[in-house]
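Using this note's numbering, read the sequence shown as starting at 385 and increasing by one per residue.
These notes concern the structure reproduced below.
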Amino acid sequence: LDEFADLEISDKPTREAWISMLRELGKFEQAVQLFEEDAATDQFPVQQRRELLEMYRDSGREPEMLEQYRKLIEEQPNNWIWPEGLSRFYLENGDVAAAREAWMPFLKHEKPGANYLQGAEALMGVGMDDLALQCAEDCITADTQTSPAYLFLYELHTFRGDLEKATLMLNR
């Protein structure tokens with residue numbers, strides 16, 4: 385490992401493998417440092433940002449993680465990925481109110497449509513069915529993504545075991 389660490393690793397796949405190995409070995413600070421170096425020289429796609437946020441958490445740097453989530457939500461209020469990650473963190477720590485609050489910028493800024501419906505799916509994934517239902521209903525009311533919204537409502541009710549409501553959604 386020490387020999388590998390001393391090498392100048394320039395190709396992206398090898399660096400990604402090295403970062404993953406450092407994470408697996410619990411060397412989160414080193415992994416974060418390499419990751420941040422890559423981010424400074426490269427475009428920073430959503431998946432990489434999510435990985436970095438996870439590394440902050442794994443390395444005990446939760447305040448930095450929370451600050452990054454807040455910054456990303458402020459900069460990209462229409463991106464449901466950031467409130468999803470932040471709300472998962474809050475829910476894991478038992479703070480339902482903060483988890484719901486994390487979604488408010490998305491719900492206020494995004495208009496009914498395909499992205500809004502993807503947000504509804506993420507809301508369902510974190511157990512905030514009332515907000516997910518509202519997103520789907522907003523799409524139906526706005527007459528955007530109507531068929532996918534009805535299918536989403538059917539799937540939500542089916543997944544939650546309420547076949548009567550699920551059938552009602554199909555009959556609407």
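Cβ coordinates follow ideal geometry from the N, Cα and C atoms, glycine included.
For clarity, every value in this text was computed on a predicted model and none was experimentally measured.
Check	Outcome
Count the other CB atoms within 10 Å of the CB of P447; is the residue buried (16 or more) or exposed (fewer)?	exposed
How about I524 and Y534: are their beta carbons less than 8 Å apart?	yes
Can we say the region 447-460 touches the region 494-513, given the rule of at least three CB pairs closer than 8 Å?	no
In chain order, what residues of the same chain lie with their CB nearer than 6 Å to the CB of A486, ignoring the 5 residues before and after it?	P467, L470, S471
Are the CB atoms of I403 and V430 within a distance shorter than 8 Å?	no
What would DSSP say about W559, mapped onto helix, strand or coil?	The chain is shown from 385 up to 556; residue 559 falls before or after that span and cannot be answered.
So is S531 in contact with chain C if we call contact Cβ pairs under 8 Å?	You won't find chain C in this structure, because it holds only one protein chain.
For the alpha helix (DSSP H) that contains E494, what are its first and last residues?	Careful: E494 lies outside any alpha helix (DSSP H) and carries neither H nor E.
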